[in-house]
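Chemist:
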Amino acid sequence: MENILLMLAHPRYEKSLSNKALIEAARQLPCVMVHDLYELYPDFNINVEHEHALLLQHGIIIWQYPLYMYSPPAILKQWMDLVLEHGWAHGAGGRNLENKLLLNAVTTGGSGDSYGPQGFNRYRLEVLLRPLEQTARLCRMVWLPVFTVQGTFLLGPEQLNRYGLLYRRALQRLSMRDFDPAGIRNHAFLNEWIESGEQRCAHD
Amino acid sequence: MIDTFLYQALIYLAAAVICVPVAKRLGMGSVLGYLAAGIVIGPSGLGFIGQEGRDIMHFAEFGVVMMLFLVGLELEPAHFWNMRRRIVGLGGLQLAATSCVLGSGLYAIGFNWQAAVAAGIALSMSSTAMVLQNLKEKGLSTTAAGRSAFGVLLFQDIAVIPLLALLPFLALNRASVPTANHGGMSAGLPGWLQACTVLCAITAVVAMGRYVIVPLLRIVARAGLRELCVAGSLLIVIATACLMKLVGLSPALGAFLAGVVLANSEFRHELESDIEPFKGLLLGLFFIAVGASINSSLIAERPLLEFGLVAAIIAAKALVLAVAGRIFKLSFDQNSIFAVSLSQVGEFAFVLFAFMGTLGILPGEWIDILMAATALSMAVTPVLLLAQECLILPRFGTRQTDERPGDRVDVTNAVIIAGFSAFGSTVGRFLRANGVEATILDNDSDQVELLRKMGFRVYYGDATRLDMLHSAGAADAAILIIAIDDPATNCTLAEIARKHFPHLTVMSRARNNFGAYALMENGVDLVYRECLDASVRLGIDALVKLGFRRYSATRAGQKFIIYDEAALHKLARHRHDEKAYIYTTRQEIQLQEELLSNDRTAAHGINDHAWESDCCPRDQ
Ligand SMILES: Cc1cc2nc3c(=O)[nH]c(=O)nc-3n(C[C@H](O)[C@H](O)[C@H](O)COP(=O)(O)O)c2cc1C
Chain A
1110 MENILLMLAH PRYEKSLSNK ALIEAARQLP CVMVHDLYEL YPDFNINVEH EHALLLQHGI
1170 IIWQYPLYMY SPPAILKQWM DLVLEHGWAH GAGGRNLENK LLLNAVTTGG SGDSYGPQGF
1230 NRYRLEVLLR PLEQTARLCR MVWLPVFTVQ GTFLLGPEQL NRYGLLYRRA LQRLSMRDFD
1290 PAGIRNHAFL NEWIESGEQR CAHD
Chain B
129 MIDTFLYQAL IYLAAAVICV PVAKRLGMGS VLGYLAAGIV IGPSGLGFIG QEGRDIMHFA
189 EFGVVMMLFL VGLELEPAHF WNMRRRIVGL GGLQLAATSC VLGSGLYAIG FNWQAAVAAG
249 IALSMSSTAM VLQNLKEKGL STTAAGRSAF GVLLFQDIAV IPLLALLPFL ALNRASVPTA
309 NHGGMSAGLP GWLQACTVLC AITAVVAMGR YVIVPLLRIV ARAGLRELCV AGSLLIVIAT
369 ACLMKLVGLS PALGAFLAGV VLANSEFRHE LESDIEPFKG LLLGLFFIAV GASINSSLIA
429 ERPLLEFGLV AAIIAAKALV LAVAGRIFKL SFDQNSIFAV SLSQVGEFAF VLFAFMGTLG
489 ILPGEWIDIL MAATALSMAV TPVLLLAQEC LILPRFGTRQ TDERPGDRVD VTNAVIIAGF
549 SAFGSTVGRF LRANGVEATI LDNDSDQVEL LRKMGFRVYY GDATRLDMLH SAGAADAAIL
609 IIAIDDPATN CTLAEIARKH FPHLTVMSRA RNNFGAYALM ENGVDLVYRE CLDASVRLGI
669 DALVKLGFRR YSATRAGQKF IIYDEAALHK LARHRHDEKA YIYTTRQEIQ LQEELLSNDR
729 TAAHGINDHA WESDCCPRDQ
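In order, the protein sequence lines correspond to chains A and B. Residue numbers for the first sequence follow our numbering, so the first one is 1110 and each next one is one higher. Residue numbers for the second sequence follow our numbering, so the first one is 129 and each next one is one higher.
(1) Return yes when the Cβ of V259 of chain B is within less than 8 Å of the Cβ of V326 of chain B, no when it is not.
(2) Return the Cβ separation of V1255 of chain A and L1210 of chain A in integer angstroms, given the expectation that the two are a contact with Cβ distance under 8 Å.
(3) Where in the segment 192 to 271 of chain B do unbroken runs of the alpha helix (DSSP H), each at least 4 residues long, occur, reported from the N-terminal end onward?
(4) Any beta carbon of chain A sitting closer than 8 Å to that of A738 of chain B?
(5) In whole angstroms, what is the alpha-carbon distance linking T554 of chain B and F415 of chain B?
(6) Using a Cβ-Cβ cut-off of 8 Å, state whether D538 of chain B counts as contacting chain A.
(7) Taking a cut-off of 5 Å, which residues have a beta-carbon closer than that to any heavy atom of ligand 1, in chain order?
(8) What are the boundary residues of the alpha helix (DSSP H) that H1144 of chain A is part of?
(9) Taking DSSP's pairing of strands, which residues face A546 of chain B in a bridge?
(10) Which residues of the segment 1211 to 1231 of chain A have a Cβ closer than 8 Å to any Cβ of chain B? Give them in chain order.
(11) Helix or strand or just coil, what does DSSP make of S105 of chain B?
(12) How is I489 of chain B classed by DSSP in three states: helix, strand or coil?
(13) What residues from chain A crowd round S680 of chain B, counting only those whose CB sits closer than 9 Å?
(14) Any idea if Q462 of chain B is buried or exposed, counting beta-carbon neighbours within 10 angstroms, 16 or more meaning buried?
(15) So does the segment 1164 to 1172 of chain A actually touch the segment 1199 to 1219 of chain A, counting three or more Cβ pairs closer than 8 Å?
(16) Flag F1262 of chain A as yes if its beta-carbon sits less than 8 Å from any beta-carbon of chain B, otherwise no.
(17) Note down, in chain order, each residue of its chain lying with its Cβ closer than 7 Å to the Cβ of L1338 of chain A, except the 5 sequence neighbours on either side.
(18) Consider the Cβ of S255 of chain B: report whether some Cβ of chain A lies at a distance smaller than 8 Å.
(19) Could you spell out where the beta strand (DSSP E) holding I341 of chain B opens and where it closes?
(20) Determine which residues share a DSSP beta bridge with F1256 of chain A and list them.
(21) Between which two residues does the alpha helix (DSSP H) containing R657 of chain B stretch?
(22) Start and end of the beta strand (DSSP E) containing I1171 of chain A?
(23) Q1173 of chain A and L1131 of chain A: beta carbons closer than 8 Å?
(24) Which of helix, strand or coil does DSSP assign to A443 of chain B?
(25) If V1192 of chain A sits next to V1157 of chain A, beta carbons under 8 Å apart, how far is it from one beta carbon to the other, in whole angstroms?
(26) Would you mind stating whether L295 of chain B and A247 of chain B have Cβ atoms separated by less than 8 Å?
(27) With C-beta atoms as the reference, is L621 of chain B less than 8 Å away from I609 of chain B?
(28) Taking S741 of chain B as the query, report the chain A residues whose CB atoms sit under 8 Å from its CB, ordered along the chain.
(29) Can the beta-carbon of T509 of chain B be found less than 8 Å from the beta-carbon of S471 of chain B?
(30) Rounding to the nearest angstrom, what Cα-Cα distance links V511 of chain B and F642 of chain B in this structure?
(31) Of all the options B:I465, B:I422, B:V473, B:L411, which has the alpha carbon lying nearest to the alpha carbon of A440 of chain B?
(32) By how many angstroms is the C-alpha of L356 of chain B removed from the C-alpha of Y162 of chain B?
(33) Going by DSSP, what residue range makes up the beta strand (DSSP E) through M1116 of chain A?
(34) For G492 of chain B, count neighbouring Cβ atoms within 10 angstroms of its own Cβ and tell me buried if that reaches 16, exposed if not.
(35) So, G360 of chain B versus V348 of chain B, is the Cβ gap smaller than 8 Å?
(36) Using a C-beta cutoff of 8 Å, does R677 of chain B count as contacting chain A?
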C-alpha cells in the first residue's frame, strides 16, 4: 500500500458540494492524508520545509481542486512556485519527486462536452492542464490521466455520491499499485479507466 | 567683580549675536563670524576688550576639551578600529611630512635646528574645532574628504601628548627647564614613574567610565531632573579634565578618552545633547578670543613678514595634504576640499608655542609672530573654503558630496524608535531581524539597562526633547517610529517632529480611536491602533474554533481591518461633534456588517452554468 497525499485547494470549501463529496469518500481510506492548503495557509505563507517532508513521505500526490478560470485556484500555484524548488524537485540534485504518481482531480462547472474544439470552452481539459503536466514531467513525476467531475451544477446528491465512490475506488487501486502503467495512459480520464475496470470485474 | 563679568558677557554675546548671523548670511560660516566678532571687539578693533582676551582664551579652551569629549562620544571603539588606516596612515603621513617641510623652511630662514623642528611640528597641527565645524555646516562630514580630515585631526590630537612629553629634549639648556608635565603632580619624578602615573590615569579614566560613571548616570537619570543630568554630564567632562591636569596630561585628550569610553553606553545621546550647547558657546568664545588676540600692531609693523609667513605656511600645508590625499586615493574634488580645509594652523599650536616659550626653545619675539600667524591662518581658512566652493569646484570636477554606500560607518540610522517597551521592542526586533538597525530612545533608565543587557542598543533620553532628537540623528533619519506608552507624550512628539523635522515619515502607535484622532490632528497619517490587529486575529481564531474555514475567516479579518481603517478616517472628521460622531459610527458599523455578510452569504455556485454557454441557465 502506497501512501497518498491528497492536496485540496478550494478557497470556498464551506460552500462546496462536489469537492466535499470527493473528499469525504477519500477520507475513508486509511492510506490517504488530506492536506487542506487554504485551511493551513490562509495567508499564502507556505511552509516549504514542512511540505518537502510531507512529499517525501508519500508515493502518490493528488492535486484536487475546482477549476477556476481554466486553472487551479491561486494557492496551488503559490505552492508550486515555492515548494518545487530547483535543486530539490528538479534541476541538478533535484530528484526527490522522481517516479511519484501525480493525479489531478478536477471539478468543473462546464460539462465534459463543453471542453473540446466544438464546445463552449474550446479546449479539452487535458490541454488546459498542460502547464501542470509539464511541471510534473520536469520533476520526473508520473502524470496520470485526470479524474474529473464535470457539469457540477447539474449534479444531485446521488450522482455526487457515485463520483465519490468512483474516486475512492480509483485511489484504492492506485495505492495498491493495481494498474498497468502503460495501459492507464490510454485513457483520457481516470474515470474511464476505473469504470472499464469495474465493468471487467462485473463481467468476471 | 560681578559688574565686569556682566559687562564682558554683554560684549561677547552681543558681538556674537550680531556678527555670526551676518557672516552666515554672507555664506561664510559661523567660525569666520566669531573671528570677525573677536577682531571687532579686540584691542586692534574697537578695543572693548584688552589684554584679558588671553585669559578668556584660556577659559574658552575648555570648549576644545568639550569638543573632543563629543568627538570621542561619536567614536565607538569598533568605529575607531575601522578608521585605523585613515587615522594612523594618513594622519601620520601628514604630520611627519608637514613638519619636515615647514621645519626645513624655518631652518632655511635662520632658525637653529631644535627651534625649526619644534616650530615645524607645532605648525603642522590643524584646527579640529574649526575644521569639524566647517565640515558640518557644509554637510561634508560623511564624505571621503570629511572622514579623511577627521582621521588626520584625530591623529594630531592624540599626537599632542607624546609631543608635549618630547619637547623638553629639544630645549637648549635642559637642566634649567621644567619637564613636559608642566605643573603636574608628577613633575620632578623620575621618567619611569611619570610614565606609570600617566598609565594609571588613563586606566582610571577607562575604568571609571565603565564602572563609576555609567551607574552614577543611572542614578541621576532615575531622579528625573533635567538640570541634574546636565550637571552630571558637565561633571564628567570637568572631572576628567582635572584628573588629566593633575598628572600633567592634556585635558582635551582625557576628555576625548572619556568620550570614547562612554560612546558605547546608553547615555551617549543624552550626554551629547547636554554638552552640545556648552561646547558651542565655549567654542564660539574661543574663536572670538582668537580673533581678539590677533596682534595688529605686530602685523602693522612687519606686514610683509607676517602675511608672507601665513601664505607660505598655508601653501606648504595644503600642498603636503594634497599629496597625502592623492596617495590615499581621494578624488580631485574631495582632495581639494580635504587639503584646503586642513591648511590652517590649529589651536593646539597655541599650547605648543606657549610651552616652547617656557622651555626657551624659541625666542619670545618669534613666538608672538608665530602665534599671530596661527590666528591669521585660522581666519583665512573659511575665506579659502568659500573661494574654493565658489571658484574652483564649479569649474573642475563634479562636486561629489557622498561616497559609495558601502563604507558609511558613521552615518546615523535611518530609523529612530522612540519608546522601547513591548510595542516598540517588537517593532525593533522585527526590523533588526530584517537587517535594519534603528536608533532607539527610551526614558526609563531601568528599562534601558535591562534591554542593554539583552543586547539591544538602546539610549537613555527623553525623545520629546528637541536636542535629544537632534543627537539621535533625526535630521538625517528617514523614519520616526513613535511607540511610547503614554498617548499624550506620543502626540507631543508627533507635533515636535512635524514642526522641526518635516522630512521625517512619522509612524505612530495609538491606544484607541481617540488617541488616533489626536495623532491625526497632529499631522500623523500612519497611525497604528494597538488593539486592532491583535483583536482581529483573536476573532479569526475564535471563528475557526466555531467551525469557520480559516481562509475565509482570515480574509474576513483582513477586510474588517480595511473597513475599520477607512471608518477611522471618516469618523475623525466628526470627533468634536458628539451627535454627528455617534450617528456616523452607527452608520459605519452597519455598513461594515453589510459588506462582510455580503461576502459570506454570496452563493457562488449558482453561476456555474456560465461555463456551459452564455445564454440563460438551463431549467434548474
Ligand atoms: C471564480 C470561479 C471561477 C470559475 N471558473 C470556471 C471555469 O473556468 N471553468 C469551469 O468549468 N467552471 C468554473 N467555475 C465553476 C467551478 O469550477 C465549480 O463551481 C466547482 O468546480 C464546483 O465544485 P464545488 O462544489 O466543490 O465548489 C468557476 C467558479 C468560480 C467561483
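Quick reminder that beta carbons are idealized off the backbone N, C-alpha and C, glycines included.
Modeler: Well, looking at it:
(1) Residue numbering aside, residue 326 of chain B sits at position 198 when the second sequence is read from its first letter. Residue numbering aside, residue 259 of chain B sits at position 131 when the second sequence is read from its first letter. No, Cβ-Cβ distance for V326 of chain B and V259 of chain B is not below 8 Å.
(2) As a first step, residue 1255 of chain A is located in the first sequence; it is residue number 146 there, counting from the start. As a first step, residue 1210 of chain A is located in the first sequence; it is residue number 101 there, counting from the start. Approximately 13 Å separates the beta-carbon atoms of V1255 of chain A and L1210 of chain A; this is outside 8 Å, ruling out the contact.
(3) Counting whole runs of 4 or more residues, the segment 192 to 271 of chain B contains the alpha helix (DSSP H) stretches 205 to 210, 219 to 236, 241 to 252, 256 to 265.
(4) Position 610 of the second sequence holds residue 738 of chain B. In terms of beta-carbon proximity, A738 of chain B lines the interface with chain A, with at least one pair separated by less than 8 Å.
(5) As a position in the second sequence, residue 554 of chain B is number 426, starting the count at 1. As a position in the second sequence, residue 415 of chain B is number 287, starting the count at 1. Taking C-alpha positions only, T554 of chain B is separated from F415 of chain B by approximately 47 Å.
(6) Locating residue 538 of chain B in the second sequence gives position 410, where the first residue counts as 1. Here the model assigns D538 of chain B a pLDDT of 37, short of 50, so the residue's position is not dependable and the matter cannot be decided.
(7) Going by the Cβ distance cut-off, the answer is A:S1125, A:L1126, A:S1127, A:N1128, A:P1175, A:L1176, A:Y1177, A:M1178, A:Y1179, A:T1216, A:T1217, A:G1218, A:G1219, A:T1261, B:H732, B:D736, B:W739.
(8) The sequence position of residue 1144 of chain A within the first sequence is 35, counting from 1. Counting along the chain, H1144 of chain A sits inside no alpha helix (DSSP H); it lies in the beta strand (DSSP E) bounded by residues 1141 to 1145.
(9) What you label residue 546 of chain B is simply residue 418 of the second sequence in a count that begins at 1. The bridge partners DSSP lists for A546 of chain B are B:L569, B:I610.
(10) So the close ones are T1217, G1218, G1219, S1220, S1223, F1229, N1230.
(11) This structure cannot speak to residue 105 of chain B, because chain B is shown only from 129 to 748.
(12) Along the second sequence, one-based indexing puts residue 489 of chain B at 361. Under the three-state reduction of DSSP, I489 of chain B is assigned to coil, being neither helix nor strand.
(13) Numbered from 1 along the second sequence, position 552 holds the residue referred to as residue 680 of chain B. Going along chain A in sequence order, the residues near S680 of chain B (Cβ under 9 Å) are P1120, R1121, Y1122, E1123, Y1147, P1151.
(14) If you number the second sequence from 1, residue 462 of chain B lands on position 334. Q462 of chain B should be labelled buried.
(15) These segments touch.
(16) Against the first sequence, residue 1262 of chain A aligns to sequence position 153. Taking 8 Å as the CB threshold, F1262 of chain A lines the interface with chain B.
(17) Because chain A spans 1110 through 1313 in this model, residue 1338 of chain A falls outside it and cannot be assessed.
(18) Position 127 of the second sequence holds residue 255 of chain B. So, not an interface residue.
(19) Reading the second sequence from its first residue, position 213 is the one you call residue 341 of chain B. Unbroken run through I341 of chain B: none, as it is neither H nor E.
(20) For the purposes of this step, residue 1256 of chain A is taken as residue 147 along the first sequence, with counting starting at 1. The partner list for F1256 of chain A (beta bridge, DSSP) reads A:A1214.
(21) What you label residue 657 of chain B is simply residue 529 of the second sequence in a count that begins at 1. From DSSP, R657 of chain B is part of no alpha helix (DSSP H) but of the beta strand (DSSP E) over 654 to 657.
(22) Translated into positions along the first sequence, residue 1171 of chain A becomes position 62. Note, I1171 of chain A: beta strand (DSSP E), 1169 to 1175.
(23) On the first sequence, residue 1173 of chain A is found 64 positions in, with the first residue counted as 1. On the first sequence, residue 1131 of chain A is found 22 positions in, with the first residue counted as 1. Inclusion of Q1173 of chain A and L1131 of chain A in the CB contact set at 8 Å is warranted, their separation being smaller than that value.
(24) Position 315 of the second sequence, counted from the start, is the residue given in the question as residue 443 of chain B. Helix.
(25) Walking along the first sequence from the start, residue 1192 of chain A turns up at place 83. Walking along the first sequence from the start, residue 1157 of chain A turns up at place 48. Between V1157 of chain A and V1192 of chain A the Cβ distance is about 6 Å, and since that is below 8 Å, they are a contact.
(26) Start at 1 with the first residue of the second sequence, and residue 295 of chain B comes out as number 167. Start at 1 with the first residue of the second sequence, and residue 247 of chain B comes out as number 119. No Cβ-Cβ contact shorter than 8 Å links L295 of chain B with A247 of chain B.
(27) Working through the second sequence from its first residue, we reach residue 621 of chain B at position 493. Working through the second sequence from its first residue, we reach residue 609 of chain B at position 481. No; because the gap between Cβ atoms is not below 8 Å, this pair is not in contact.
(28) Position 613 of the second sequence, counted from the first residue, corresponds to residue 741 of chain B. For the C-beta of S741 of chain B, the chain A residues within less than 8 Å are, from N- to C-terminus, S1223, F1229.
(29) Numbered from 1 along the second sequence, position 381 holds the residue referred to as residue 509 of chain B. Numbered from 1 along the second sequence, position 343 holds the residue referred to as residue 471 of chain B. In contact: T509 of chain B and S471 of chain B (Cβ atoms closer than 8 Å).
(30) Counted from its first residue, the second sequence places residue 511 of chain B at position 383. Counted from its first residue, the second sequence places residue 642 of chain B at position 514. Rounded to the nearest angstrom, the two C-alpha atoms are 55 Å apart.
(31) For the purposes of this step, residue 440 of chain B is taken as residue 312 along the second sequence, with counting starting at 1. For the set B:I465, B:I422, B:V473, B:L411, the Cα lying nearest the Cα of A440 of chain B is the one of B:V473.
(32) If you number the second sequence from 1, residue 162 of chain B lands on position 34. If you number the second sequence from 1, residue 356 of chain B lands on position 228. Between Y162 of chain B and L356 of chain B, the alpha-carbon positions lie close to 30 Å from each other.
(33) Taking the first sequence and counting its residues from 1, one reaches residue 1116 of chain A at position 7. First-last of the beta strand (DSSP E) with M1116 of chain A: 1113 to 1117.
(34) Counting from one through the second sequence, the residue named residue 492 of chain B turns up at place 364. Per the 10 Å Cβ criterion, exposed.
(35) Residue mapping note: residue 360 of chain B aligns to position 232 of the second sequence, counting from 1. Residue mapping note: residue 348 of chain B aligns to position 220 of the second sequence, counting from 1. The answer is yes: Cβ separation under 8 Å.
(36) On the second sequence, residue 677 of chain B is found 549 positions in, with the first residue counted as 1. Cβ-Cβ to chain A under 8 Å: yes for R677 of chain B.
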